[in-house]
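Residue numbers (my numbering), protein chains in the order written: chain A, 1 to 87; chain B, 1001 to 1176.
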């Protein structure tokens, strides 16, 4: 499973702290899938809600954006990071 | 043995200043907590006989925003990434400035008006490094750490905030 964690506005819109996605089951037997493909899939689960508006993402503790050329596999962790406001 | 100098200040024989170039939990302290923060605690973590200065920043909840009255802020954080990203920021600070110790304490949960949400403390042999490092660290925190605040207004509405953009390139290193 890939765990996709939601924070701030994304958590409010999904009404969840996270979703678990089985890559092989969801993406026709592939072991890995591009981040952007995973994000497209998640967005379709929440049609009409702009859950990724202006968001960055972290894949295994590295910041990525929607267009980053990175693959995710089961056991990875993806964090949805809406615009931050610490301090 | 030749007497060493640091920043044009002569040092005792055999004395080596501990301006570590690598961030390390041994002298760079990181805490995210729902407890009340303490400036004393943050300062004592960086206090050093080698320091001529401890510079600090405290972020507090202000009672206004954009013409409206604020009741309180509520913070959330993704702690594992906040920690790894913070140590990257401290590493960058150590490349720009001569720093002895740092501490960063950030509160999560409810922070009422007037209360403290974040404390940063930095010690250094000379004050210019500590003052500049604190400024660099709080600006970097606001841009880079996965921490969010929700603002509760007196009309009952609340919204997740977004920090204004900050020019981190304006923080130039200090040459020694």
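The beta-carbon is built from N, C-alpha and C at its ideal position, and this holds for glycine as well.
Asked, Found
"Alpha-carbon spacing of residue 1125/B relative to residue 1012/B, whole angstroms", "14 Å"
"Limits of the alpha helix (DSSP H) - the one that residue 26/A falls within", "23-26"
"Helix, strand or coil at residue 34/A [DSSP, three-state]", "strand"
"Residue 1009/B burial status per 10 Å Cβ neighbour count (16 or more: buried)", "exposed"
"DSSP state of residue 44/A mapped onto helix, strand, coil", "helix"
"Under 7 Å by beta carbon: chain B residues contacting residue 9/A", "1160"
"Coarse secondary structure for residue 1087/B, derived from DSSP in three states", "helix"
"Local Cβ density within 10 Å of residue 112/A, reported as buried at 16 or more and exposed below that", "Summary: the structure shown does not reach residue 112/A, with chain A confined to residues 1 through 87, and so no result is reported for it."
"Minimum Cβ-Cβ distance from residue 1156/B to chain A less than 8 Å", "no"
"Beta bridge counterpart(s) of residue 1024/B as assigned by DSSP", "For residue 1024/B, which the question treats as bridged, DSSP gives no partner whatsoever."
"Contact check, residue 1177/B vs residue 1117/B, beta carbons under 8 Å", "Nothing can be reported for residue 1177/B, as the shown portion of chain B is limited to 1001 through 1176."
"Extent of the continuous alpha helix (DSSP H) to which residue 1134/B belongs", "1127-1144"
"Inter-residue CB distance, residue 1145/B and residue 1086/B (contact presumed, cutoff 8 Å)", "6 Å"
"Distance between residue 1096/B and residue 31/A (C-alpha atoms, nearest Å)", "43 Å"
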